[in-house]
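**Student:** First the structure, which I've put down as structure tokens, then a few questions once you've had a look.
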Amino acid sequence: MPALSEREKRTIRIAAIGIAIYLLAFFGFRGWKKMASAREEYERLAGEAEKVRRELPPYENRVLLFEKLSEAYQLDPRKIRKETLVADASEAIQNAAKQGGIQLGPIRETAGRSSGRELSSIQVEGMGPVPSALSLLHQLQTLGFPLVIDQLQLTPESPRPGMLKMNLTIIILNYEAWKTGDRPNA
Amino acid sequence: MNSRAKQEPDVFIEFGENSVHLLAGEKGWDGRIERDLQGNLSASSVQSLQQELGGFLHRHSWSAPRQVYCSIPARGVSIRKITVPASSGEEIKQVLALQIEAQLPLAPEELAWGFLPLNEAGTGGDPNLQSFLVAAVKRETLQSYRDLFAQLQLEPVFVIAAFARLYACEDQACGILDVGETKSEFAARESNGTVTLRVIPWGRSELFEIGPLVQALKTNGLPQKMLVSGVDVPLAPLAAQVSSALQRSVEVLEVPGGPGRSAANAGLQAQHEAGRGELLVLETPGAERAARVSRDEWKWAIGAGLLLMLLMGANYLGPILQKPRLARELAELKSYRASLPQVERELTFLEFIRTNQPPYLDTIYLLADASQRGLKLESLTIGRRGDVSLRGKVNDPDGANQFRSKLVDSGFFSRVVIEEQTPDQNRREVKFRITAEVKPEGQRKALPEPDPPKTEKPKGPARPPGAVPPPRGRS
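In order, the protein sequence lines correspond to chains Z and Y.
The opening position of the first sequence corresponds to residue 2 in this note's numbering, with each subsequent residue numbered one higher.
The opening position of the second sequence corresponds to residue 293 in this note's numbering, with each subsequent residue numbered one higher.
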């Protein structure tokens with residue numbers, strides 16, 4: 002290849018600069034648009050990540066709260082068998098009462114209200130020492146069934162001091178009627 | 293055979309007063325030129341030379357010779373011997389430039405100049421000094437030649453023809469008189485390398501009268517060896533005449549015949565082939581400096597441009613580089629969130645159980661805590677909404693009120709109402725009926741801490757731990 006003169010080198014240099022400018026202009030704009038869209042995508046991802054990060058702690062707290070309540074009530078709603086719930090709950094209540102020293106009286110079961118949230122209602126009458134009665138009240142919360150004491154009535158058993166007559170109305174809740182997002186009615 | 297495979301020779305071109313001689317290898321060409329009043333090539337000469345030289349180069353298929361050496365007349369050339377402190381490299385040029393500026397009426401940027409080192413004899417043997425032979429000419433003097441070669445796309449190296457002729461002389465100390473048409477150039481080189489140069493206003497048109505020539509030659513010291521050269525000049529008779537007039541030997545410079553073979557071209561060719569001494573090249577340091585400055589400016593401009601691009605790009609580079617990591621992190625977060633159990637419904641259910649009944653035991657505890665001696669509870673009813681209703685009797689007429697006050701003070705109840713107080717016939721007991729509401733969670737006070745159990749004091753003197761108790765029967 003013959004040696005290039007300075008003029009030829011300058012010509013080549015100018016041509017190379019011109020081509021470089023053209024390529025920069027042509028691809029530079031497209032590249033700029035691509036980079037801008039990549040940056041927008043990054044910002045979108047960053048916003049989404051921030052949103053997820055913000056949502057996580059409250060969600061973790063809810064999970065912890067559920068585990069705490071589930072442990073306190075000895076109840077996992079996901080494992081409730083609706084078909085035998087009323088029978089099992091009634092049996093558990095009666096067993097708890099008997100084990101606590103409560104003499105049971107009439108027990109009445111009625112169907113739940115039409116709203117669907119109450120599966121059944123059990124009215125229990127019994128008599129026993131004050132500690133046994135109070136102990137039963139405590140045990141009802143930890144039997145592992147979705148029970149809500151609708152009404153409690155205590156009267157002393159006059160002929161026998163230290164004895165209480167108790168009348169409990171217990172509602173068995175229908176878990177399947179619960180929808181996500183329902184707020185509890187205090 | 294591919295002509296491009298030929299090795300292009302160097303081209304030597306001498307511009308005389310009215311002639312031009314080109315020598316390239318074995319090929320040569322002679323032509324005529326015209327100069328304007330300032331001594332520059334006329335425009336018509338430049339144009340015709342472009343055609344002639346271009347045609348010559350094209351005929352010999354030389355697209356770009358290796359190098360073009362252009363020797364110019366001595367008109368306008370200034371020669372100085374400059375002694376400077378010993379230095380090397382680029383410093384020499386800088387120091388000489390300062391000396392040129394001091395000794396010549398023009399600044400170095402306005403000159404085309406070159407230098408040759410002189411041997412130690414020029415400095416008197418002082419090792420701290422260096423002597424140089426500096427030749428300078430106005431920069432614009434070379435412009436017409438540059439224009440000519442620019443059109444031919446050649447970058448010539450400019451030398452002084454009188455210096456070039458000296459290379460044809462094998463002896464170190466010699467003088468050469470080159471006879472032109474109306475002017476002659478006499479260059480003498482001393483043993484230390486110093487060169488003196490004179491333009492003598494005498495040419496071949498005055499061959500019949502050599503008096504002015506001899507007079508001019510006698511003005512300066514003459515070297516031992518003198519040679520005479522010229523084109524279209526009867527050199528032998530002239531040499532004899534000058535020799536007779538100067539009373540010293542004057543010979544004819546032997547130059548091979550043929551087109552383009554002038555004394556200067558022959559000298560340059562000999563210098564290249566035989567390596568006779570260093571070539572004094574006229575350069576324009578200002579142009580180099582300008583080119584260097586321009587290059588430096590370009591470098592700074594390119595650097596600034598790159599920095600600007602980097603600065604602007606950094607705004608985008610960061611997100612682009614971090615995007616994969618962020619995407620990974622987001623995927624991990626989503627995966628972790630998906631791994632968490634879906635307990636919204638279950639939690640709502642358990643929250644309902646917790647909040648939809650009052651704390652029965654706490655209520656009973658507070659009622660018991662608020663009751664005083666003599667108060668008898670007859671019935672207690674607590675509803676799911678937190679409504680409390682109790683009936684009882686107390687043997688203190690103010691007992692019911694006190695009981696109610698304690699219930700209110702407990703902070704657990706609101707709307708504590710004594711619906712009925714009825715003293716009995718003996719006015720010993722008061723029957724009462726109280727209703728209240730358990731405050732919602734968050735509004736009621738926390739239960740008071742129970743009193744610590746009382747510990748019984750030990751009977752008898754206290755024994756240190758590990759002591760053996762006394763036997764029974766002894767106090």
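Glycine is no exception: its CB is placed at the ideal position from the N, C-alpha and C atoms.
1. Applying the criterion that 16 or more other CB atoms from any shown protein chain within 10 Å of the CB defines a buried residue, is Y:I371 buried or exposed?
2. List, in chain order, every chain Y residue whose beta-carbon is nearer than 7 Å to that of Z:M36.
3. At 9 Å on the CB atoms, spell out the chain Y contacts of Z:A39, in chain order.
4. At which residue ranges does the stretch 113 to 161 of chain Z contain complete alpha helix (DSSP H) runs of 4 or more residues, listed in the order of the chain?
5. Identify, in the order they occur along the chain, each residue of the same chain with its Cβ nearer than 7 Å to the Cβ of Y:L315, setting aside the five sequence neighbours on each side.
6. Any idea if Z:I173 is buried or exposed, counting beta-carbon neighbours within 10 angstroms, 16 or more meaning buried?
7. Would you say Y:G605 lies against chain Z (beta-carbon separation less than 9 Å)?
8. I'd like the list of long-range same chain contacts for Z:K10, defined as Cβ closer than 6 Å, with 5 residues on each side in sequence excluded.
9. Determine, using beta carbons only, whether Z:F30 comes closer than 9 Å to chain Y.
10. Give, in chain order, every unbroken run of the alpha helix (DSSP H) that is at least 4 residues long and sits entirely within the stretch 305 to 360 of chain Y.
11. Between which two residues does the beta strand (DSSP E) carrying Y:I706 extend?
12. Are the beta-carbon atoms of Y:F455 and Y:C362 separated by less than 9 Å?
13. If distances are taken between C-alpha atoms only, which option among Y:L618, Y:G734 and Y:F704 comes closest to Z:E49?
14. Which residue wins for smallest C-alpha separation from Z:H139, given the options Z:R118, Z:V64, Z:I81 and Z:A98?
15. Under a CB-based cut-off of 9 Å, is Z:L66 close to chain Y?
16. Threshold first: 3 residues or longer. Then list the beta strand (DSSP E) segments lying entirely within the stretch 586 to 614 of chain Y, N to C.
17. Whole angstroms are fine: how far does the CA of Y:Y628 sit from the CA of Z:A93?
18. Find the nearest neighbour of Y:L659 within the set Y:P504, Y:N648 and Y:S671, judged by alpha-carbon distance.
19. Using CA atoms only, rank isn't needed, just tell me which of Y:E462, Y:R707, Y:Q339 and Y:R438 is closest to Y:V449.
20. Mapping DSSP to helix, strand and coil, what is Y:V376?
21. Any beta carbon of chain Z sitting closer than 9 Å to that of Y:Y628?
22. Which first and last residues belong to the alpha helix (DSSP H) in which Y:S423 is found?
23. Assuming the contact rule is C-beta atoms closer than 8 Å, Y:V730 and Y:F704 should be a hit. Round their C-beta distance to whole Å, please.
24. Could you tell me how far apart the beta carbons of Y:L434 and Y:F407 are, in whole angstroms, since I believe they sit closer than 8 Å?
25. Is the stretch 496 to 509 of chain Y touching the stretch 335 to 348 of chain Y, taking contact as three or more C-beta pairs under 8 Å?
26. Determine the burial state of Y:G308: buried for a count of at least 16 other Cβ atoms within 10 Å of its Cβ, exposed for fewer.
27. What residues from chain Y crowd round Z:Q152, counting only those whose CB sits closer than 9 Å?
28. Report the neighbours of Z:P132 on chain Y: residues whose CB is nearer than 9 Å to its CB, in chain order.
29. Applying a beta-carbon distance threshold of less than 7 Å, which residues of chain Z neighbour Y:Q279?
30. Can you name, in chain order, every residue of its own chain whose Cβ lies under 7 Å from the Cβ of Z:R118, other than the five neighbours on each side?
31. Take Y:D463 as the anchor and find which of Y:K475, Y:R481 and Y:T474 has the nearest alpha-carbon.
32. Under three-state DSSP, which class holds Z:G101?
33. Using beta-carbon positions only, say whether Y:S476 and Y:V487 come within less than 9 Å of one another.
34. Check distances from the C-beta atoms of the stretch 441 to 455 of chain Y to those of chain Z and list, in chain order, the residues that come in under 8 Å.
35. Please compile the residues from chain Z whose C-beta is within a distance smaller than 7 Å of the C-beta of Y:A619.
36. Please state the DSSP three-state secondary structure of Z:K83.
**Tutor:** Put simply:
1. Position 79 of the second sequence, counted from the start, is the residue given in the question as residue 371 of chain Y. So Y:I371 counts as buried.
2. The sequence position of residue 36 of chain Z within the first sequence is 35, counting from 1. Those within 7 Å of Z:M36 in chain Y are Y608 and I612.
3. Along the first sequence, read from residue 1 onward, the residue named residue 39 of chain Z stands at position 38. Those within 9 Å of Z:A39 in chain Y are Y608, P611, I612 and K615.
4. 131 to 140
5. In the second sequence, counting from the first residue as 1, residue 315 of chain Y sits at position 23. Correct list, in chain order: F304, G552, R553, N557 and Q561.
6. Along the first sequence, read from residue 1 onward, the residue named residue 173 of chain Z stands at position 172. Buried, by the Cβ-count rule.
7. Counting from one through the second sequence, the residue named residue 605 of chain Y turns up at place 313. So, interface residue.
8. Taking the first residue of the first sequence as position 1, residue 10 of chain Z is located at position 9. Correct list: empty, nothing qualifies.
9. Sequence index remark: in the first sequence, residue 30 of chain Z carries index 29 (1-based). Z:F30 does not count as touching chain Y.
10. 335 to 351
11. Counting from 1 along the second sequence, the entry for residue 706 of chain Y is found at position 414. What sits at residue 706 of chain Y in the sequence shown is Ser, not Ile. Counting along the chain, the beta strand (DSSP E) containing Y:S706 begins and ends at F705 to P715.
12. For the purposes of this step, residue 455 of chain Y is taken as residue 163 along the second sequence, with counting starting at 1. For the purposes of this step, residue 362 of chain Y is taken as residue 70 along the second sequence, with counting starting at 1. Going by C-beta atoms, Y:F455 is not nearer than 9 Å to Y:C362.
13. For the purposes of this step, residue 49 of chain Z is taken as the residue at position 48 of the first sequence. Checked all of Y:L618, Y:G734 and Y:F704; the closest Cα to Z:E49 is Y:L618.
14. If you number the first sequence from 1, residue 139 of chain Z lands on position 138. Nearest option by C-alpha distance: Z:A98.
15. As a working mapping, residue 66 of chain Z is identified with position 65 in the first sequence. Yes, contact with chain Y.
16. none
17. The residue you call residue 93 of chain Z lines up with position 92 of the first sequence. The residue you call residue 628 of chain Y lines up with position 336 of the second sequence. Distance between the alpha carbons of Z:A93 and Y:Y628 is about 38 Å.
18. As a working mapping, residue 659 of chain Y is identified with position 367 in the second sequence. Taking only the C-alpha atoms, the option nearest Y:L659 is Y:S671.
19. By 1-based counting over the second sequence, the position of residue 449 of chain Y is 157. Out of Y:E462, Y:R707, Y:Q339 and Y:R438, Y:R438 has the C-alpha closest to the C-alpha of Y:V449.
20. Residue 376 of chain Y sits at position 84 when you count from the first residue of the second sequence. Three-state DSSP puts Y:V376 in a strand.
21. By 1-based counting over the second sequence, the position of residue 628 of chain Y is 336. So yes, Y:Y628 belongs to the interface.
22. Residue 423 of chain Y sits at position 131 when you count from the first residue of the second sequence. No alpha helix (DSSP H) contains Y:S423, which is instead part of the beta strand (DSSP E) from L421 to K430.
23. Stepping through the second sequence from its first residue, residue 730 of chain Y is reached at position 438. Stepping through the second sequence from its first residue, residue 704 of chain Y is reached at position 412. With 8 Å as the limit, Y:V730 and Y:F704 qualify as a contact, their Cβ atoms being about 7 Å apart.
24. Here residue 434 of chain Y refers to the residue found at position 142 of the second sequence. Here residue 407 of chain Y refers to the residue found at position 115 of the second sequence. Actually they are not in contact, since the Cβ atoms of Y:L434 and Y:F407 sit about 17 Å apart, beyond 8 Å.
25. no
26. Here residue 308 of chain Y corresponds to residue number 16 of the second sequence, with the count starting at 1. The residue in question, Y:G308, is buried, as its Cβ has 16 or more Cβ neighbours within 10 Å.
27. The sequence position of residue 152 of chain Z within the first sequence is 151, counting from 1. Within 9 Å Cβ-Cβ: T673, I674, G675 and R676.
28. Mapped onto the first sequence, residue 132 of chain Z falls at position 131. Those within 9 Å of Z:P132 in chain Y number zero; the least Cβ separation is about 12 Å.
29. A question about residue 279 of chain Y goes unanswered here, because the residues of chain Y that appear run from 293 up to 767.
30. Residue mapping note: residue 118 of chain Z aligns to position 117 of the first sequence, counting from 1. Closer than 7 Å at the Cβ level, and outside the excluded window around Z:R118, lie L174, N175 and A178.
31. For this step, residue 463 of chain Y is matched to residue 171 along the second sequence. Of the candidates Y:K475, Y:R481 and Y:T474, the one whose C-alpha sits nearest the C-alpha of Y:D463 is Y:R481.
32. Residue mapping note: residue 101 of chain Z aligns to position 100 of the first sequence, counting from 1. The answer is coil: DSSP assigns Z:G101 none of H, G, I, E or B.
33. Taking the first residue of the second sequence as 1, we reach residue 476 of chain Y at position 184. Taking the first residue of the second sequence as 1, we reach residue 487 of chain Y at position 195. Contact: no.
34. A442, Q445, L446 and E447
35. One-based indexing of the second sequence puts residue 619 of chain Y at position 327. Within chain Z, the residues near Y:A619 are L46.
36. Looking up residue 83 of chain Z in the first sequence gives position 82. Helix at Z:K83.
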